[in-house]
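Enquirer:
In my numbering, the protein residues as written are 287 to 678.
1. Which same chain residues, not among the five before or five after residue 677, have their C-beta less than 8 Å away from its C-beta?
2. Grouping DSSP H, G and I as helix and E and B as strand, with all else coil, what is residue 669?
3. DSSP has residue 553 in a bridge; who is on the other side?
4. Identify whether residue 677 lies in helix, strand or coil by the three-state DSSP scheme.
5. So for residue 640, helix, strand or coil by DSSP?
6. Throw me the rounded Cβ distance for the residue 543 and residue 408 pair, which I believe falls under 8 Å.
7. Where do the ends of the alpha helix (DSSP H) carrying residue 440 lie?
8. With DSSP as the reference, please indicate the residues paired to residue 663 in a beta bridge.
9. With DSSP run on the structure shown, which of helix, strand or coil describes residue 525?
10. Using the beta-carbon count (16 or more within 10 Å), is residue 509 buried or exposed?
11. Report, in whole angstroms, the separation of the C-beta atoms of residue 483 and residue 448, which I expect to be a contact under 8 Å.
12. Taking the alpha helix (DSSP H) that residue 420 belongs to, which residues open and close that run?
13. Less than 7 Å between C-beta atoms, sequence neighbours within five positions excluded: which residues of the same chain meet that for residue 395?
14. Going by C-alpha distance, which of 432, 658, 629 is nearest residue 379?
15. Pick helix, strand or coil for residue 600, following the three-state DSSP scheme.
16. Report yes if the C-beta of residue 317 is less than 8 Å from at least one heavy atom of the ligand ZN; otherwise report no.
17. Just to confirm, are residue 586 and residue 601 a CB contact at a threshold of 9 Å?
18. Near residue 292, which residues of its chain fall below 7 Å by C-beta distance, leaving aside the five closest residues on each side in sequence?
19. Based on the DSSP secondary-structure assignment, which residues constitute the bridge partners of residue 327?
20. Looking at the strands, I want to know which residues DSSP matches up with residue 459.
21. Let's test the definition: count the other Cβ atoms within 10 Å of the Cβ of residue 288 and tell me whether it reaches 16, buried, or not, exposed.
22. Going by the DSSP bridge assignment, what does residue 588 pair with across the sheet?
23. Counting only the same chain and skipping the five closest in sequence on each side, list residues whose C-beta sits under 7 Å from that of residue 307.
24. Between residue 470 and residue 434, what straight-line distance do the alpha-carbon atoms span, to the nearest angstrom?
25. Would you mind reading off the limits of the alpha helix (DSSP H) that contains residue 315?
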């Protein structure tokens, strides 16, 4: 009885909840390598030049609850400024159930799609919901289970267009209203792959013989324009079109699929994922069904098990580098699974009506702010969703 009570009392200590080797296991490991103690091991392996000489060990250990309270007290001293930078990063409210049951639950912690899908059906279902959410909002036919960020998703869209287009052109068109970080990453990838690119105003796309084009919708300046005529002009010269999109804006705007886009990319950060000083966030890439064998990233599919019951699995894995090696369509065979699942649960939590209310409120507040600016003599863009550029 005494030992049982002792075990219960120790549950508030870090060491009692640690999953590493206990003292008996440590002693066995040390004996195996011929060491008397951990101190002896450190003495033999850590160079004297990099050891701390003034390490303060006088502070007494505290319980997990007390340590968490102390950390929160320190964090509360920060001054949280309101960000007006925009450029693809937006503040968002994380619903308490998602924060408590997902983001703060280590059971969900992973950046990967599951390697053992038969025992990870819940995780796969959450990722399948993410894919369906992207498909519904973008108007495309298939989506992957997330990519690393919007900029690398754009670089993947570039190579997808090059692989899928038989046109001899090696020139990519980049609209000058793309997010700057997106342009920078595309430049780096294009230089390494010896792909030529040109940056110009979107309306000048017809002036170039290109294999593909990437537009921003809405643009980095917040301008919302009908790009369907630009997409049509690209298709007339046998070029493919990728569109980088703000996901929340698609709740109100016509989808890129309806406008004729071949590939849609973007970031799901504002669907309940904190800005986090710029990342990490879950990106997405959605496309037409005919390009599915060439698209990057993991894809969750619906199948049946040996008993004939519906089951989820990772589909079309023959595209990926763990099977095709250097012939793979992309070396991106991972995902931002935790953050993609947060975004999918955000959509499930609010539902279509709730998302429309959020998007409408954002657009209405932006419109009110724009009107106030104009009344006070400032010029700003007339067409917008949530971003304004003010001329002073």
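Beta carbons are placed, not taken as given, at the ideal position from N, Cα and C, and that holds for glycine. Quantities reported herein were computed from a predicted structural model and do not represent experimental measurements.
Expert: Short version:
1. The beta carbon of residue 677 sits closer than 8 Å to those of 664, 665, 666, all from its chain and outside the five residues before and after it, given in chain order.
2. In the three-state reduction of the DSSP assignment, residue 669 falls in the coil class.
3. Under DSSP, the beta-bridge partners assigned to residue 553 are 532, 569.
4. Note: residue 677 maps to strand in three-state DSSP.
5. DSSP, read as helix, strand or coil, puts residue 640 in helix.
6. Not a contact, Cβ separation roughly 29 Å.
7. Counting along the chain, the unbroken alpha helix (DSSP H) around residue 440 starts and ends at 436-450.
8. Note: residue 663 sits in no beta bridge, so no partner.
9. Coil.
10. Per the 10 Å Cβ criterion, buried.
11. Contact doesn't hold; Cβ gap of about 11 Å is too wide.
12. Element bounds for residue 420: 407-424.
13. Apart from sequence neighbours up to five positions away, the residues of its chain that approach residue 395 with a beta-carbon distance below 7 Å are 624, ordered along the chain.
14. Residue nearest to residue 379 within the set 432, 658, 629 is 629 (criterion: CA-CA distance).
15. Residue 600: strand per DSSP, three-state reduction.
16. With respect to small molecules bound, the structure shown includes none, and the ligand ZN cannot be examined in it.
17. Residue 601 sits close to residue 586, with the two beta carbons spaced by under 9 Å.
18. Note that residue 292 scores a pLDDT of 49, beneath 50, so its modelled location is shaky; the value from the coordinates is reported in the next line. Take residue 292, set aside five residues on each side of it, and no residue of its chain has a beta-carbon closer than 7 Å to its own.
19. Checking the DSSP bridge columns, you'll see residue 327 has no partner listed.
20. For residue 459, the pairing in a beta bridge is given by DSSP as 484, 499.
21. Bear in mind that a pLDDT of 46 at residue 288, under 50, signals an unreliable position, so the number given afterwards is only what the model happens to contain. By the 10 Å Cβ count, residue 288 comes out exposed.
22. Partner(s): 598.
23. So the qualifying residues of the chain are 315.
24. The straight-line gap from Cα to Cα measures roughly 15 Å.
25. Residue 315 -> alpha helix (DSSP H) spans 309-318.
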